[in-house]
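A quick write-up on the structure given underneath.
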Amino acid sequence: MPELPEVEITLRGLQASLQNQTIQRFVIRRSNLRWPIPSQELQQLVGLTITQMTRRGKYLCLATTQANMIIHLGMSGRLRILNQYVPADKHDHVDILFKNNMILRFTDPRRFGALLYTTADPQQHVLLRNLGVEPFSCKFSIAYLRQQLANKQLPIKSAIMDQQIVVGVGNIYATEALFKAGIHPLRPANSLLLNELKRLVNAIKFILRSAIAKGGSSLKDFLNSEGKPGYFTQQLNVYGRAGLSCWQCQSQLQQSRIGQRTTVFCQQCQK
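Take the sequence shown: its letter number 216 is residue 228 in the numbering used here, and every next letter is one higher.
Below, the structure is given as structure tokens:
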């Protein structure tokens, strides 16, 4: 699933090519994604200009003067910018054509993604209004995390993946951040001490920034808006390495299931 770094990389690509561009036409080949694409409502955006593009967690918001599109990439979705028309493949469900001849193509093999329409503030949309803080914001602090975790006995990995606490930290980056912070993923969330919370906040920010700098992680489906993969996968310390040696202490990395997700950790380096 594309996580915050992949969505941020996608956003930057869209901003570079489609900011202030005018929508000419929508081509919707398949509308039954996670939620039905509102084909008729989207037609109201034809002739309008994209005035702003933002990210909230794993959601992309494309604004015009009259209405907004909200896009979620789901498990396997991606957005690609085309300079000229290319015949659509099986999973290319939507094309947004612009007057400058650019095409924004939404591809989603597993169809868990979404393309929604709203005339209201997208931040107040039912999917966005209860999201937690952004990990790069000043609100994501030691004090904030301490408050959020005070009464939570669930595993710390599940807590930092809770989108109502902090947005955008999925399985890959939660696994890597906990390793960098030296914290066992099964630790009860409310058991972390102040110095551990500090390490964790810093580790989450560091891992996410590093992933963005490397273009995200391409495991199966992710390609950026130019169709290029991300290279953070080459820097993964523990994710996907169960049974191999820890690069810090040489002990064998262990694997466990937490909240229906596989997690990998080092019993020696993570306490």
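Positions of the beta carbon are idealized from the N, C-alpha and C atoms, including for glycine.
This one's a predicted model, so the numbers in the text were calculated from it and none came from an experiment.
Residue 68: CB within 6 Å of a non-hydrogen atom of the ligand ADP: Of ligands this structure carries none, so the ligand ADP is not represented either.
Reduced DSSP category for residue 61 - H, G, I as helix; E, B as strand; rest coil: Looking up residue 61 in the sequence shown gives position 49. Residue 61 falls in the strand class under three-state DSSP.
Nearest-angstrom Cα separation, counted from residue 198 out to residue 282: Indexing the sequence shown from 1 puts residue 282 at position 270. Indexing the sequence shown from 1 puts residue 198 at position 186. Whole-angstrom Cα-Cα distance: 10 Å.
Nonlocal neighbours in the same chain, by C-beta distance under 8 Å from residue 253, ignoring five residues either side: Mapped onto the sequence shown, residue 253 falls at position 241. Only 265 and 276 meet the Cβ criterion.
Where the beta strand (DSSP E) containing residue 110 begins and where it ends: Here residue 110 corresponds to residue number 98 of the sequence shown, with the count starting at 1. Counting along the chain, the beta strand (DSSP E) containing residue 110 begins and ends at 104-110.
Own chain, CB closer than 7 Å to residue 231, minus 5 neighbours either side, in chain order: Counted from its first residue, the sequence shown places residue 231 at position 219. For residue 231, the predicted model reports a pLDDT of 49, less than 50, meaning its position is unreliable; a value from the coordinates is still stated below. Answer for residue 231: 245, listed in chain order.
Simplified DSSP assignment, three categories, for residue 199: Counted from its first residue, the sequence shown places residue 199 at position 187. Three-state DSSP puts residue 199 in coil, outside helix and strand.
Close Cβ partners of residue 173 (< 8 Å) along its chain, the five nearest in sequence each way excluded: On the sequence shown, position 161 is the one that residue 173 refers to. The answer, listed in chain order, is 181, 182, 183, 186, 271 and 273.
Nearest-angstrom Cβ-Cβ length linking residue 126 and residue 46, presumed shorter than 8 Å: Stepping through the sequence shown from its first residue, residue 126 is reached at position 114. Stepping through the sequence shown from its first residue, residue 46 is reached at position 34. With 8 Å as the limit, residue 126 and residue 46 qualify as a contact, their Cβ atoms being about 5 Å apart.
Classification of residue 178 by the beta-carbon crowding that lies within 10 angstroms, buried from 16 upward: In the sequence shown, residue 178 corresponds to position 166, counting from 1. With 16 or more neighbouring CB atoms inside 10 Å of its own CB, residue 178 falls in the buried class.
Coarse secondary structure for residue 6, derived from DSSP in three states: Residue 6 lies beyond the stretch modelled for the chain, which goes from 13 to 283, so this question has no answer here.
Closest by C-alpha distance to residue 140, when choosing among 157, 100 and 83: For the purposes of this step, residue 140 is taken as the residue at position 128 of the sequence shown. With distances taken between CA atoms, residue 140 lies nearest to 83 out of 157, 100 and 83.
Buried/exposed call for residue 113, threshold 16 Cβ in 10 Å: Residue 113 sits at position 101 when you count from the first residue of the sequence shown. Classification of residue 113: exposed, given that the 10 Å Cβ count is below 16.
Assigned exposure category for residue 170 - 16 Cβ within 10 Å defines buried: For the purposes of this step, residue 170 is taken as the residue at position 158 of the sequence shown. Buried, by the Cβ-count rule.
Same chain only: Cβ atoms within 7 Å of residue 248, ignoring 5 sequence neighbours per side: Taking the sequence shown and counting its residues from 1, the one referred to as residue 248 is at position 236. Cβ within range, chain order: 188.
Residues near residue 134 in its chain [Cβ-Cβ closer than 7 Å; skip 5 each side]: Taking the first residue of the sequence shown as 1, we reach residue 134 at position 122. Taken in chain order, the residues that qualify are 73, 80, 82 and 140.
Inter-stretch contact (C-beta, 8 Å, three-pair minimum) for the segment 53-63 and the segment 93-100: no
Residue 33 in three-state terms, based on DSSP: Position 21 of the sequence shown, counted from the first residue, corresponds to residue 33. Correct three-state label for residue 33: coil.
CB of residue 147 within 7 Å of CB of residue 220, strictly: Residue numbering aside, residue 147 sits at position 135 when the sequence shown is read from its first letter. Residue numbering aside, residue 220 sits at position 208 when the sequence shown is read from its first letter. Yes, Cβ-Cβ distance for residue 147 and residue 220 is below 7 Å.
Beta-ladder partner(s) of residue 183, from DSSP: Residue 183 sits at position 171 when you count from the first residue of the sequence shown. Paired residues: none, contrary to the question.
Euclidean distance between Cα positions of residue 153 and residue 209: Within the sequence shown, the letter at position 141 stands for residue 153. Within the sequence shown, the letter at position 197 stands for residue 209. Cα-Cα distance, rounded: 9 Å.
Buried versus exposed call for residue 70 [16 or more other C-beta atoms within 10 Å across all chains shown]: The sequence position of residue 70 within the sequence shown is 58, counting from 1. By the neighbour-count definition (other C-beta atoms within 10 Å, threshold 16), residue 70 is a buried residue.
Buried or exposed by the 16-neighbour rule on C-beta atoms within 10 Å, applied to residue 200: Position 188 of the sequence shown, counting from 1, holds the residue named residue 200. Looking at its Cβ environment, which holds fewer than 16 other Cβ atoms inside 10 Å, residue 200 is exposed.
3 or more residues per run - each beta strand (DSSP E) lying fully within the segment 39-92: With a minimum length of 3 residues, the continuous beta strand (DSSP E) runs that stay inside the segment 39-92 are 64-68, 71-75 and 80-84.
Residue 230 in three-state terms, based on DSSP: Along the sequence shown, read from residue 1 onward, the residue named residue 230 stands at position 218. Its pLDDT being 47, under 50, residue 230 is placed unreliably in this model, and the value from its coordinates should be taken loosely. Correct three-state label for residue 230: coil.
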